[in-house]
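**Q**
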Amino acid sequence: MLDISRQVCLGLDHAHSHGVMHHSFEPAKAMVQWDGTVKILGFGISQMGLLDPPASGKVPSILYYAAPEQLGGEALDARSNLYSWGAILYEMVTDQKAFAGESSEIVRQQILAGNPVPPAELNRKIHPAVSDLIMKALSKNRDERFQNGQLLVTELEKCKQASMQAAKKGTVPPQGLIAPKKVTPTPKTSAPPATAVSPGKVAASQQFLHNRHPSRRASPRQFLRLNPHRQRNKYPQAPNRH
Numbered sequence: 000m001l002d003i004s005r006q007v008c009l010g011l012d013h014a015h016s017h018g019v020m021h022h023s024f025e026p027a028k029a030m031v032q033w034d035g036t037v038k039i040l041g042f043g044i045s046q047m048g049l050l051d052p053p054a055s056g057k058v059p060s061i062l063y064y065a066a067p068e069q070l071g072g073e074a075l076d077a078r079s080n081l082y083s084w085g086a087i088l089y090e091m092v093t094d095q096k097a098f099a100g101e102s103s104e105i106v107r108q109q110i111l112a113g114n115p116v117p118p119a120e121l122n123r124k125i126h127p128a129v130s131d132l133i134m135k136a137l138s139k140n141r142d143e144r145f146q147n148g149q150l151l152v153t154e155l156e157k158c159k160q161a162s163m164q165a166a167k168k169g170t171v172p173p174q175g176l177i178a179p180k181k182v183t184p185t186p187k188t189s190a191p192p193a194t195a196v197s198p199g200k201v202a203a204s205q206q207f208l209h210n211r212h213p214s215r216r217a218s219p220r221q222f223l224r225l226n227p228h229r230q231r232n233k234y235p236q237a238p239n240r241h
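Under the working numbering, the residue at position 25 of the sequence shown is numbered 24, and the numbers go up by one with no gaps.
In structure tokens, the structure reads:
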């Protein structure tokens with residue numbers, strides 16, 4: 000979880016520094032390659048209509064990870080995307096969505112006015128510091144969240160140390176904070192295709208799936224197509240596309 004979070008947060012930071020926001024961030028947009036590299040997909044997709052319930056009546060998948068301000072029609076900024084990642088982290092460690100419901104309207108109301116159950120109450124194996132970090136990422140007020148991805152990564156590093164120390168004392172196992180071992184495909188076997196971040200699978204096994212077409216490890220800069228002419232602001236905002 001730590002390595003995935005580091006790559007996602009730094010990739011988002013790079014996009015945000017160029018004024019680029021992600022309008023539909025969800026697990027399917029973070030693709031894990033065979034070598035553990037994470038690629039962020041879906042930049043440039045308009046949010047218009049994405050949060051509307053489909054004709055089938057099912058809840059749109061991205062709605063579960065939308066920040067409160069996104070539902071309110073406000074302009075997104077870096078902290079909005081980090082909220083979405085916080086919702087994914089919540090699902091990783093609990094195997095439950097932070098906000099759920101049988102209809103889009105119920106999910107919306109939960110996101111806007113409800114409070115998620117602290118992860119530590121749903122999974123006793125995670126360190127309380129990890130639970131607190133995720134709850135901070137899911138704050139309704141974006142001023143109370145992590146202001147950039149690097150701050151979230153730094154806090155995760157501290158959580159890892161606290162979790163490791165607790166594990167040595169035999170109190171809390173460092174679940175979810177140790178990078179899984181890489182599996183190198185052999186000539187006799189081909190690696191499975193890349194997969195989106197799967198909260199349930201990550202929480203259960205901490206195993207990465209692999210890409211059928213190996214590629215070099217890339218920096219966050221290589222993951223994103225950015226507009227270099229966007230101005231850089233402290234909290235760069237994307238235009239309201241409603």
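Beta carbons: idealized from backbone N, C-alpha and C, even for Gly. Quantities reported herein were computed from a predicted structural model and do not represent experimental measurements.
1) Determine the direct distance from the alpha carbon of residue 139 to that of residue 10, and round the result to whole angstroms.
2) Counting C-beta neighbours from all protein chains within 10 Å, is the total for residue 123 16 or more, i.e. buried, or is it exposed?
3) Considering only residues of the same chain and omitting the five flanking positions on each side of residue 301, which have a CB-CB separation below 6 Å?
4) So, residue 70 versus residue 136, is the Cβ gap smaller than 8 Å?
5) Tell me which residue opens and which closes the alpha helix (DSSP H) that residue 39 is part of.
6) Looking at the secondary structure, which residues open and close the beta strand (DSSP E) in which residue 66 lies?
7) Please tell me whether residue 29 and residue 7 are closer than 8 Å, where the distance is taken between their beta carbons.
8) Please classify residue 142 as buried or exposed, where buried requires at least 16 other C-beta atoms within 10 Å of its C-beta.
9) Take residue 127 and list the residues in its own chain whose beta-carbon comes closer than 7 Å to its own, dropping the five residues that flank it on each side.
10) Any heavy atom of the ligand ADP closer than 7 Å to the Cβ of residue 162?
11) State the Cα-Cα distance for the pair residue 77 and residue 34, rounded to the nearest angstrom.
12) Could you spell out where the alpha helix (DSSP H) holding residue 30 opens and where it closes?
13) Starting from the C-beta of residue 3, find all residues in its chain whose C-beta is less than 6 Å away, skip the five residues before and the five after it, and write them out in chain order.
14) Roughly how many whole angstroms lie between the Cα atoms of residue 146 and residue 152?
15) Would you mind reading off the limits of the alpha helix (DSSP H) that contains residue 133?
16) Under DSSP, the alpha helix (DSSP H) around residue 242 begins and ends at which residues?
17) Can you tell me the Cβ-Cβ gap for residue 41 and residue 16, rounded? I've got them flagged as a contact below 8 Å.
**A** In short, the structure shows the following:
1) Roughly 23 Å between the two C-alpha positions.
2) Residue environment: residue 123 is assigned as exposed (fewer than 16 neighbouring CB atoms within 10 Å of its CB, all protein chains considered).
3) No answer is possible for residue 301: it lies beyond the span of the chain, which begins at 0 and ends at 241.
4) Against a cut-off of 8 Å, the Cβ pair of residue 136 and residue 70 comes out as no contact.
5) Unbroken run through residue 39 is the beta strand (DSSP E), 37-39; no alpha helix (DSSP H).
6) Per DSSP, residue 66 belongs to no beta strand (DSSP E) and is neither H nor E.
7) The answer is yes: Cβ separation under 8 Å.
8) So residue 142 ends up on the exposed side.
9) Excluding residues within five positions, the ones whose Cβ falls inside 7 Å are 119.
10) Here there are no bound small molecules, and the ligand ADP is not part of this structure.
11) Going from the Cα of residue 77 to the Cα of residue 34 covers about 27 Å.
12) Looking at the DSSP string, residue 30 is not in any alpha helix (DSSP H); the run it does join, the beta strand (DSSP E), is 29-31.
13) Excluding sequence positions up to five before and after residue 3, its CB lies within less than 6 Å of the CB of 37, all in the same chain and listed in chain order.
14) Straight-line Cα distance between these residues: approximately 11 Å.
15) Its alpha helix (DSSP H) spans residues 127-136.
16) The structure shown does not extend to residue 242, since the chain is modelled only from 0 to 241, so the question has no answer here.
17) Not confirmed; about 18 Å, so no contact.
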